[in-house]
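Q: Take this structure first; my questions come after.
Number of protein chains: 2
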Amino acid sequence: MSNNNRYPRCTMRDPLPSLPGYSLRRAANAAAAELASRLGELNLRQVDASLLILIGENPDVTASALGRQLDIQRANMVPLLKRLEDAGLIERKAIDGKSQGLTLTAQGAEITQQARTMIERFEAELLARIPAQHRDHLLPALDALWR
Amino acid sequence: MSNNNRYPRCTMRDPLPSLPGYSLRRAANAAAAELASRLGELNLRQVDASLLILIGENPDVTASALGRQLDIQRANMVPLLKRLEDAGLIERKAIDGKSQGLTLTAQGAEITQQARTMIERFEAELLARIPAQHRDHLLPALDALWR
DNA sequence: TATTGTTATACTCTATAACTATA
DNA sequence: TATAGTTATAGAGTATAACAATA
């Protein structure tokens with residue numbers, strides 16, 4: 008730790024952190040970086056974990072439906088699902104001539120459970136960092152911004 | 008961003024929105040997309056606006072100091088500042104043999120003021136979407152997650 | 001006609017390594 | 001030795017257009 012002293016490394020006039028939108032982005036980036044690091048231990052990225060959880064909750068879901076739910080374009084789902092399939096975590100089976108149902112393999116279900124446990128611990132640690140009087144307000148406030 | 012109505016609504020079991028970290032990312036993405044769209048009217052991206060505001064507040068700041076403040080790597084500052092310089096919004100002048108001080112041009116100061124006005128309005132609208140009882144808790148909660 | 005899965009492609013953002021010159 | 005600015009490059013992530021097959 009080269010910067011453990013009492014003084015900031017540099018001081019600058021910076022009005023940005025007073026902006027909720029800016030702090031929203033910085034907080035989201037910080038949380039994403041930390042979660043990405045942890046999920047990396049399972050060789051998963053955040054998007055992989057999201058997909059596995061949704062497939063686990065919705066057996067025989069289609070790639071298009073997943074994309075709609077996560078705001079990921081159809082074309083970009085292809086390499087994402089191929090990666091999960093190549094890793095032996097998901098399987099595809101034809102629903103009809105043009106749609107494929109996605110399901111977790113046994114190994115995929117195992118990894119998904121590990122990811123869910125990891126994410127739940129991470130979320131609990133995130134909340135624990137928030138002063139108690141503000142904690143319960145975060146999720147309702149965030150929901151108002153995107154749902 | 009959150010609901011692309013080119014697609015029909017569908018229902019799916021989705022435990023993700025109950026996770027603060029997930030909602031944090033979705034809310035940040037939604038806000039970023041909207042602000043990006045507005046700043047686009049000034050031919051600015053969010054990072055451009057951040058840089059202009061910091062340069063305006065800190066005349067003769069260096070590229071390295073800006074990068075530290077915004078968590079942008081030195082190497083990635085080069086094309087960002089070149090773009091602002093090419094647009095006539097900032098100027099460089101040598102501080103010593105190896106450092107350059109950055110300042111806003113007259114045009115840059117004008118654009119920066121327009122961006123600040125736009126951002127302030129955007130931030131106010133963001134807060135207005137949050138139910139009143141949660142509103143004042145958002146910024147303190149976010150700050151605890153990254154500062 | 002609309003949707004699904006897919007290919008190809010391009011553009012942005014970011015990360016890393018290395019080089020030069022200067023403090 | 002550490003820092004500032006720069007170059008080159010590789011990897012993600014994301015966006016659009018287009019196509020064949022099917023509903």
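Chains as they are written, first to last, in our numbering: chain A, 8 to 154; chain B, 8 to 154.
In this text, a Cβ means the ideal position worked out from N, Cα and C, and glycines have one as well.
Where does lysine 100 (chain A) sit, in a helix, a strand or coil, going by DSSP?
A: Working through the first sequence from its first residue, we reach residue 100 (chain A) at position 93. Here lysine 100 (chain A) sits in strand by DSSP.
Q: Mind pulling the chain A residues with CB within less than 9 Å of asparagine 65 (chain B)?
A: Taking the second sequence and counting its residues from 1, one reaches residue 65 (chain B) at position 58. Neighbours of asparagine 65 (chain B) on chain A, chain order: Met19, Arg20, Asp21.
Q: Can you name the start and end residues of the alpha helix (DSSP H) that glycine 110 (chain B) belongs to?
A: Along the second sequence, one-based indexing puts residue 110 (chain B) at 103. First, the residue type needs correcting, since residue 110 (chain B) is threonine and not glycine in the sequence shown. Careful: threonine 110 (chain B) lies outside any alpha helix (DSSP H), inside the beta strand (DSSP E) at 107-111.
Q: With 9 Å as the C-beta to C-beta threshold (strictly closer), list the residues of the region 130-151 of chain B near chain A in chain order.
A: Answer in chain order: Glu130, Leu133, Leu134, Arg136, Ile137, Pro138, Gln140, His141, Arg142, Asp143, His144, Leu145, Leu146, Pro147, Ala148, Leu149, Asp150, Ala151.
Q: Excluding sequence positions up to five away, which residues of its chain have a Cβ less than 8 Å from the Cβ of methionine 8 (chain B)?
A: For the purposes of this step, residue 8 (chain B) is taken as residue 1 along the second sequence, with counting starting at 1. Note that methionine 8 (chain B) scores a pLDDT of 37, beneath 50, so its modelled location is shaky; the value from the coordinates is reported in the next line. Cβ neighbours of methionine 8 (chain B) beyond the five flanking positions: Asn36, Ala37, Ala40, Glu41.
Q: Buried or exposed: where does glycine 28 (chain B) fall if 16 or more other Cβ atoms within 10 Å of its Cβ makes it buried?
A: Translated into positions along the second sequence, residue 28 (chain B) becomes position 21. Flag for glycine 28 (chain B) reads buried.
Q: Can you find a C-beta in chain B that's less than 7 Å from the C-beta of tryptophan 153 (chain A)?
A: Position 146 of the first sequence, counting from 1, holds the residue named residue 153 (chain A). Yes - at least one Cβ of chain B is within 7 Å of the one on tryptophan 153 (chain A).
Q: Give me the residue from A:Gly115, A:Leu134, A:Thr110, A:Leu23 with the minimum Cα distance to isoleucine 60 (chain B).
A: The residue labelled residue 60 (chain B) in the question sits at position 53 within the second sequence. Minimum Cα distance to isoleucine 60 (chain B) is reached at A:Leu23.
Q: According to DSSP, simplified to helix, strand and coil, what is methionine 8 (chain A)?
A: As a position in the first sequence, residue 8 (chain A) is number 1, starting the count at 1. At methionine 8 (chain A), the pLDDT of 36 sits below 50, so the modelled position is not reliable and the matter cannot be decided from this model.
Q: Measure from the C-beta of arginine 33 (chain B) to each C-beta in chain A and report whether the shortest distance is under 7 Å.
A: For the purposes of this step, residue 33 (chain B) is taken as residue 26 along the second sequence, with counting starting at 1. Answer yes: the Cβ-Cβ gap between arginine 33 (chain B) and chain A drops below 7 Å somewhere.
Q: DSSP puts glutamine 68 (chain B) in a beta bridge; with which residues?
A: In the second sequence, the residue the question calls residue 68 (chain B) occupies position 61. Note that residue 68 (chain B) is valine in the sequence shown here, rather than glutamine. The partner list for valine 68 (chain B) (beta bridge, DSSP) reads B:Leu109.
Q: Taking the alpha carbon of serine 106 (chain B) as the point to measure from, which residue in B:Ala70, B:Thr119, B:Met19 has its own alpha carbon closest?
A: Residue mapping note: residue 106 (chain B) aligns to position 99 of the second sequence, counting from 1. Here the closest residue by C-alpha is B:Ala70.
Q: Could you have a look at leucine 31 (chain A) and say whether DSSP puts it in helix, strand or coil?
A: In the first sequence, counting from the first residue as 1, residue 31 (chain A) sits at position 24. Three-state DSSP puts leucine 31 (chain A) in a helix.
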